[in-house]
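There are 2 protein chains.
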Amino acid sequence: MAIITIIGAGVMGAALSVPLSDNGHEVRLVGTPLDTAIIQSCLANGYHPKLRRQLPAQNQYFSHEALGQAMQGANVVVIGVNSRGVHWAAEAIGPHLAAGQVLLMITKGLESGPQHEIIILPDVLHSRLPAPARDSVYYAAIGGPSIAGELAAKRHTSVVFVSRDASILPMLQQLFATPYYHIWTSTDMLGVELCVALKNPYAMAVGLAAGVLEQSRPDEAKAQNHNYAAAIFAQGLAEMSYLVQKMGGNPQTIFSLPGAGDLYVTTQGGRNSRMGRLLGMGKVFSDAVEEMPGETVEGVDAVIALMPAIEGQIAAGQLSPEALPLLLTLHKIITRNSPAEFEFKRFFATLGFAQA
Amino acid sequence: MAIITIIGAGVMGAALSVPLSDNGHEVRLVGTPLDTAIIQSCLANGYHPKLRRQLPAQNQYFSHEALGQAMQGANVVVIGVNSRGVHWAAEAIGPHLAAGQVLLMITKGLESGPQHEIIILPDVLHSRLPAPARDSVYYAAIGGPSIAGELAAKRHTSVVFVSRDASILPMLQQLFATPYYHIWTSTDMLGVELCVALKNPYAMAVGLAAGVLEQSRPDEAKAQNHNYAAAIFAQGLAEMSYLVQKMGGNPQTIFSLPGAGDLYVTTQGGRNSRMGRLLGMGKVFSDAVEEMPGETVEGVDAVIALMPAIEGQIAAGQLSPEALPLLLTLHKIITRNSPAEFEFKRFFATLGFAQA
């Protein structure tokens, strides 16, 4: 039996308690300052209001004030805050790290560095933890198609656990894997973390197809708009492939669970798709945002966080803008209220198709 | 202006008349023996009963008895029969070929050859046409996400035109491309034709997720089954990638329109998805077939056509069964009424993930 402390009581953090509990581990779920109502509900009756489900009876619940106590003796500390909470999480856990602990990121996101480098979140976390403790712990992350409510319902869910330290992966797999939670392992930390963050803006772009259809004139034969969505899906995957390979990631990551699989699942619903639909209906971004008050759209955050690095690398000749028409268009849509229209002819420009 | 003869008056053949007509070409739509009712309707009032739409007023219609007349002077002959009709089509057009004509395949499918080789349909067609005329014409094909009804509605549709003869591709692109029909060109005939045929069984497999959900016990929080679908989507893409690369195709084909894009669009509905849903609900294949009377499920046909070659190549050590668990399971489901269950743990075995 191991002790797993999950920081962040959102849907994904809470859902992970289900396989962990099935495996007999001690699970400590710690609310962030944003999770007060959730932790209160869990303490009162074990019910998670966002998952709309009873959590395992053995779960222990902590408020963030008791973080030190919750981390004591933990073998694995899961970082499950939202993408805007990583700096808070680093500050909060820093004083309580114990040598040999594994920090397992489920938060998705990217940052741009001062030299226009793209920084993945495990490295952001590392840079903000106190030395020398930060070098006495291990860093890992989870990528792949995993809707939290489905994992909590024990539906078959297939993911990749990734770490630069291959030595810890068998232990992590053994702790978390169940007959419904299938785990592969990889050391391509960069490729996995890029894929899981990039899938959000590209899923948002796929979501535009539904909005474009809704604002089209009625069609006698009720034609849908899947061809439009599929072209964007393919271009999104091509751009993910380009960026991951340019950064030194492994192409296999893109074409399996963390890339294609996670992009697919993210197009099946959720906030990124809803934002895409609003944009596809012809609303400018600033109006669309007002229709989703208080909601974090990770695809939007990712574009804004990533773009300084992308633009810097384009200016330095390290990236080709011809390879990224979808991402660059999304950036204009989000920052300049540009119309949500794609120039399909600019897609696939760097894929080696014969030019006709 | 060019003359384009389309053989097969099904939805895709008929839909292509829309961009061709917009470009001012002479379109001659020829019904196969299965298309008699369609051609009668088109001749009577220009209405296509399966597309549920008026076709362009300039279209000309022919029954298969008038095929010779319809092919006379044609610059391009589109082969739009169903996958079981390619032998018929070869016999029918053989006597009427003219040197320099382009035969453009939109039919999808594969055959197994006597040496356990996988034969793509343009090569099946060539082998069944009379010498020497068969070597005086060009062979090309279309791949990519293209639901016929959406193309006919002039929705944005993005495809790849492919031929081993790069010289004819600019001409084809110019004939067919419109502001809504976006065309890239490629010489990877093998990769494109493998992808467009393989996407059907893999989309059928993704479709199982919906059936599995329907026959699951009700869930308090209404969890869906997208994680299951996404893992199969990713494994399907991995198996397509494996087969295309083993056969000498270009990986770029898989990760753009003909592979990922077409697989995506095929999972959004249609007969392959419906068959998958029935199987996922727990019906054995022979019962599921009875619920879709008279309907050709291309994913089923593709598995049956392909498997002798796959099994022969596995026996010869040319292919690894570990790389193809999804395809091999589908084959058992279809030919042995095996239960439609996948061993997720066998997925991604050859992708280079660290084994834990």
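The listed protein sequences derive, respectively, from chains X and L. Per my numbering, numbering through the first sequence is continuous, rising by one, with the last residue being 358. Per my numbering, numbering through the second sequence is continuous, rising by one, with the last residue being 358. Glycine included, C-beta positions come from ideal geometry on N, C-alpha and C.
So is residue i in contact with chain L if we call contact Cβ pairs under 7 Å?
i, result
"X:E93", "no"
"X:E313", "no"
"X:F235", "yes"
"X:P147", "yes"
"X:N61", "no"
"X:E152", "yes"
"X:N227", "yes"
"X:L239", "yes"
"X:Y266", "yes"
"X:D221", "yes"
"X:S43", "no"
In the structure shown, what three-state DSSP assignment does residue i receive?
i, result
"X:R55", "strand"
"L:T337", "helix"
"X:L326", "coil"
"L:A358", "Note on L:A358: pLDDT 42, under 50, position unreliable in the model; the coordinate value appears next. Note: L:A358 maps to coil in three-state DSSP."
"X:L321", "coil"
"L:R166", "coil"
"X:E152", "helix"
"L:K31", "Residue identity check: residue 31 of chain L is Leu in the sequence provided, not Lys. Correct three-state label for L:L31: strand."
"X:S19", "helix"
"L:Y183", "strand"
"L:L215", "helix"
"X:E119", "coil"
"X:T159", "strand"
"X:L99", "coil"
"X:G238", "helix"
Within this structure, are the beta carbons of residue i and residue j separated by less than 7 Å?
i, j, result
"X:I108", "X:M14", "yes"
"X:L259", "X:V162", "yes"
"X:G314", "X:N252", "no"
"L:Y63", "L:L36", "no"
"L:Q237", "L:F349", "yes"
"X:I170", "X:V104", "yes"
"L:D289", "L:K201", "no"
"X:I6", "X:L22", "yes"
"X:L99", "X:A135", "yes"
"X:S243", "L:F257", "yes"
"X:G282", "X:A225", "no"
"X:A205", "X:N274", "yes"
"L:G26", "L:M3", "yes"
"L:L69", "L:S19", "no"
"L:V305", "L:L328", "no"
"X:G354", "L:Q254", "yes"
"L:S114", "L:P310", "yes"
"L:A94", "L:S138", "no"
Measuring only between beta-carbons, confirm whether residue i sits less than 7 Å from chain X.
i, result
"L:T352", "no"
"L:R157", "yes"
"L:V305", "no"
"L:L259", "yes"
"L:F346", "yes"
"L:Y49", "no"
"L:R279", "no"
"L:G263", "yes"
"L:H184", "yes"
"L:R54", "yes"
"L:S243", "yes"
How is the alpha helix (DSSP H) around residue i delimited, first residue to last?
i, result
"L:R130", "L123 to R130"
"L:Q175", "L171 to F178"
"L:A94", "V88 to I95"
Start and end of the beta strand (DSSP E) containing residue i?
i, result
"X:E345", "Unbroken run through X:E345: none, as it is neither H nor E."
"L:E432", "Nothing in the structure corresponds to residue 432 of chain L, since chain L is present only between 3 and 358."
"X:Y140", "Y140 to G145"
"L:E222", "Careful: L:E222 lies outside any beta strand (DSSP E) and carries neither H nor E."
"L:I5", "I5 to I9"
"X:E297", "No beta strand (DSSP E) contains X:E297, which DSSP labels as neither H nor E."
"L:L105", "V104 to M107"
"L:L353", "Element bounds for L:L353: n/a, residue is neither H nor E."
What residues from chain A crowd round residue i, counting only those whose CB sits closer than 7 Å?
i, result
"L:R166", "Although the question refers to chain A, the structure presented lacks it and instead comprises the protein chains X and L."
Run the proximity test for residue i: is its beta-carbon closer than 6 Å to any non-hydrogen atom belonging to the ligand FMN?
i, result
"X:G48", "Because no ligand of any kind appears in the structure shown, any question about the ligand FMN cannot be addressed here."
- Task: Please specify which runs of the alpha helix (DSSP H), each continuous and at least 4 residues long, are wholly inside the stretch 244-291 of chain L, giving them in chain order.
- Result: 253-256, 264-268 and 273-282
- Task: Jot down the residue ranges of each uninterrupted alpha helix (DSSP H) in the stretch 34-84 of chain X, minimum 4 residues, whole runs only, in chain order.
- Result: 38-47 and 69-73
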